[in-house]
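In this note's numbering, the protein residues as written are -17 to 166.
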């Protein structure tokens, strides 16, 4: 097993960070880059548009355009003829723009939600694995403590911690508490 080690991840480069943490950060960065590479052209476009429209530059540009439009159409700029005296065209343009911008935002939010669902599923799997491992470590530690005669080995709290958690039971309990039966 001859693995190349990224020099950015050596202990000399970041002595305050454990190697496993650096590896995990690098894995998350690689996953983020993979997701970005796999995004469709439309998703990337929607993301860029959403990022731009969520910026102060976008606000300032719109402020200048609307202010200019209003000044021209109230007659404050005599060298440019008035073209939208009732501001109907401005309202129409703003409405169409709002429709498209909200669509781009929804596309971006759907993509973000899908990524969040994937991360939540990963978190759940890691948490379930950690719970399983901790439960077994408590059992093992308790057995060792009992074997060498440590009084705390019989602590009732350790008995509770040594019981395996059934995720289905937890979900059912949460569902029951969140949705109590209705009285008829």
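The beta carbon of each residue, even a glycine, is placed where N, CA and C say it ideally should be.
- At a cut-off of 3 residues, not a single continuous stretch assigned as beta strand (DSSP E) sits fully inside the stretch 111 to 159.
- Distance from the CA atom of residue 26 to the CA atom of residue 118, rounded to whole angstroms, is 45 Å.
- With fewer than three CB-CB distances shorter than 8 Å, the stretch 71 to 88 does not count as touching the stretch 108 to 128.
- The alpha-carbon of residue 21 is positioned some 12 Å away from that of residue 30.
- At a Cβ-Cβ threshold of 8 Å, residue 32 and residue 90 count as neighbours.
- Residue 68 carries a coil assignment under DSSP once its states are collapsed to helix, strand and coil.
- Per DSSP, residue 61 lies in no alpha helix (DSSP H) segment and is marked neither H nor E.
- Cα atoms of residue 142 and residue 114: separation of roughly 14 Å, rounded to the nearest angstrom.
- When C-alpha distances from residue 24 are compared across 123, 150, 160 and 92, the shortest belongs to 92.
- Residue 140 sits close to residue 124, with the two beta carbons spaced by under 8 Å.
- The C-beta distance from residue 135 to residue 121 rounds to 11 Å, too long to meet the 8 Å contact threshold.
- Short of 6 Å from the beta carbon of residue 35, and not among the five residues preceding or following it, lie these beta carbons of its own chain, in chain order: 83.
- The beta carbons of residue 54 and residue 43 sit no closer together than 8 Å.
- Rounded to whole angstroms, residue 2 and residue 9 show a C-alpha spacing of 10 Å.
- Here residue 71 has 65 as same chain residues with Cβ atoms under 8 Å from its own Cβ, once five neighbours each way along the sequence are excluded.
- The C-beta separation of residue 17 from residue 97 comes to about 6 Å, placing the pair in contact by the 8 Å criterion.
- Of the other Cβ atoms in all chains shown, fewer than 16 fall within 10 Å of the Cβ of residue 95; this residue is therefore exposed.
- In this structure residue 28 is buried. Its beta-carbon is surrounded by 16 or more other beta-carbon atoms within 10 angstroms.
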